[in-house]
Amino acid sequence: MIVNLYQQSLVSIDSLTAYKCQLIFNKAREMESLVNKKGGDERLKGKIMALLFFEPSTRTFSSFLTAMQRLGGGIIPINGMQNTSIEKGESFEHTIRVFSTYADIIVIRHLQKGLPQQASQIAQVPVINAGDGVGEHPTQALLDVYTIFNRFGQNKKLNITMIGDLRNGRTVHSLAKLLSKFELTEKINLISPQMLKMPPDVLSVLKKGAIDYEETEDLREVINKSDVLYVTRVQKERFSDIKEYEKFKSFYRVNRKLLEHSKKELIIMHPLPIAAGEIAAEMDDDRKSLYLNTQLKNGLYIRMALLDLILRKSS
Ligand code: NCD
7 MIVNLYQQSL VSIDSLTAYK CQLIFNKARE MESLVNKKGG DERLKGKIMA
57 LLFFEPSTRT FSSFLTAMQR LGGGIIPING MQNTSIEKGE SFEHTIRVFS
107 TYADIIVIRH LQKGLPQQAS QIAQVPVINA GDGVGEHPTQ ALLDVYTIFN
157 RFGQNKKLNI TMIGDLRNGR TVHSLAKLLS KFELTEKINL ISPQMLKMPP
207 DVLSVLKKGA IDYEETEDLR EVINKSDVLY VTRVQKERFS DIKEYEKFKS
257 FYRVNRKLLE HSKKELIIMH PLPIAAGEIA AEMDDDRKSL YLNTQLKNGL
307 YIRMALLDLI LRKSS
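Residue numbers (the working numbering): 7 to 321.
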């Protein structure tokens, strides 16, 4: 059986196997050296990617855009639907049908969970989920696991701590699911206020993968054992009561003092944006912090890899 990603959609981590991830990671490595040597090439010349972002984005949008440009392809960049016919009442289905006529691949971000999945059933072309409400964010998880592998290799058992709004943060949903596909974790610590705990469907994936995990509120209990500290912001846009958000937004604050006795090898990750000081600015240029450098670069390589593997048969 030939296993590849050619013409396949990526709407959830569920469709990935460890083997497919290795294909993506190997290709990302190739992309890194391509970018460093020549900036890119023309392998996707003649291919068009539609970016349909119904929700705000800085990094995911521009890294997909850059990825396609570095491989010679064209883009339909729509960041915010306010100037499209959606404003006139056009349906989601028609919108997807239109772009699937113009483009060879659609990358979609939507506020409603499950919409990229729906789009993949409507479109004649592959669809990538770039974040669906409180659902998933598979390309972020791929770049996160790639970052962890690059730092620690694939044989070390790691103590991984995720902290913040685990209920609403789609990046941690996808990350936890993706980690469960590898024998990489010794333990996952899930740190959040009671109200913002990891959803049961994600926990059941961890259980099924026989991943040892523990839920607690107190970061101090686990910080000194952690190899990876993955911080997320409290997701303001998912709260109907702004007072609730205000209560939680600064629940945690990662700073030098807190990390005083952490492991020397600890890495600090965040999908960005940092919105309420959940990581203190004094950490931005710390050796341990990867969120303003390595993670950003890896996001580009992973997205280049995906475009190449999905759009080119020979790759
Ligand atoms: C994340 C997202 O949109 O889910 N951002 C990103 O894509 N890097 C994280 C967030 O907004 O908190």
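Ideal Cβ positions, reconstructed from N, Cα and C, are used throughout, including at glycine.
As the structure is a computational prediction, the values presented were derived from the model and not from experiment.
Rounded to the nearest angstrom, how far is the Cβ of residue i from that of residue j, given a contact under 8 Å?
i, j, result
"R309", "A73", "4 Å"
"H276", "V237", "5 Å"
"L315", "L22", "Rounded, the Cβ-Cβ distance is 12 Å, inconsistent with contact."
"V133", "S15", "4 Å"
"I54", "Y108", "6 Å"
"Q241", "D171", "5 Å"
"D47", "L57", "That belief does not hold up - the Cβ atoms of D47 and L57 are roughly 21 Å apart, past 8 Å."
"N304", "T153", "5 Å"
"F67", "F59", "6 Å"
"F254", "M168", "Not really, about 16 Å apart at Cβ, beyond 8 Å."
The ligand NCD heavy atoms versus the CB of residue i: any closer than 8 Å?
i, result
"Q118", "no"
"T238", "yes"
"S63", "yes"
"T72", "no"
"G175", "yes"
"G45", "no"
"G283", "no"
"H267", "no"
"L278", "yes"
"G159", "no"
"G137", "yes"
"Q127", "no"
"Q146", "yes"
"Q88", "no"
"I241", "Before going on, a small fix: residue 241 reads as Gln here, not Ile. Yes, the beta carbon of Q241 sits closer than 8 Å to at least one heavy atom of the ligand NCD."
"H100", "no"
Using C-beta distances below 6 Å, list every residue in its chain close to residue i, excluding the 5 sequence neighbours before and after it, in chain order.
i, result
"M37", "Y307, M310 and A311"
"D150", "L181"
"L185", "T191"
"K319", "Y12"
"G139", "L117, Q118 and K119"
"I102", "A125, I128 and A129"
"E220", "N195"
"K231", "N165"
Cα separation between residue i and residue j?
i, j, result
"I285", "Q13", "39 Å"
"L212", "R115", "25 Å"
"G52", "K33", "21 Å"
"I84", "R173", "28 Å"
"K43", "L302", "18 Å"
"Q127", "H267", "50 Å"
"L317", "V131", "10 Å"
"L265", "I273", "11 Å"
"Y258", "S246", "21 Å"
"L77", "L225", "42 Å"
"F105", "Q124", "14 Å"
"I81", "F70", "9 Å"
"Y297", "Q160", "21 Å"
"E223", "M204", "12 Å"
"E99", "P122", "11 Å"
"G175", "G141", "8 Å"
"G215", "L278", "28 Å"
"R244", "E250", "11 Å"
"N135", "E93", "22 Å"
"N89", "G95", "12 Å"
"L209", "S295", "27 Å"
"P144", "V178", "10 Å"
"E271", "K162", "12 Å"
"S97", "G86", "16 Å"
"E252", "G137", "24 Å"
"D292", "Q28", "30 Å"
"K269", "D207", "31 Å"
Do residue i and the ligand FAD come close, with the Cβ less than 8 Å from some heavy atom?
i, result
"T66", "For the ligand FAD, the structure offers nothing, since it holds only the ligand NCD."
In chain order, what residues of the same chain lie with their CB nearer than 7 Å to the CB of residue i, ignoring the 5 residues before and after it?
i, result
"I280", "R239"
"F288", "Inspection of the sequence shows that residue 288 is occupied by Glu rather than by Phe. These residues qualify, in order along the chain: N261 and R262."
"S256", "A282 and G283"
"I30", "L148, I308, A311, L312 and L315"
"V9", "Y25 and K26"
"P199", "E223, F254 and F257"
Enumerate in chain order the residues of its own chain whose CB-to-CB distance from residue i is below 8 Å, with the five nearest sequence positions on each side excluded.
i, result
"D218", "T191, E192, K193 and I194"
"L164", "I154, F158, L190, T191, E192, D233 and V234"
"L50", "M74, L77, G78, G79, L313, D314, L317 and R318"
"R35", "Y307"
"A24", "K187 and F188"
"D20", "K183"
"G45", "R76"
"S63", "N85, R115, A136 and G137"
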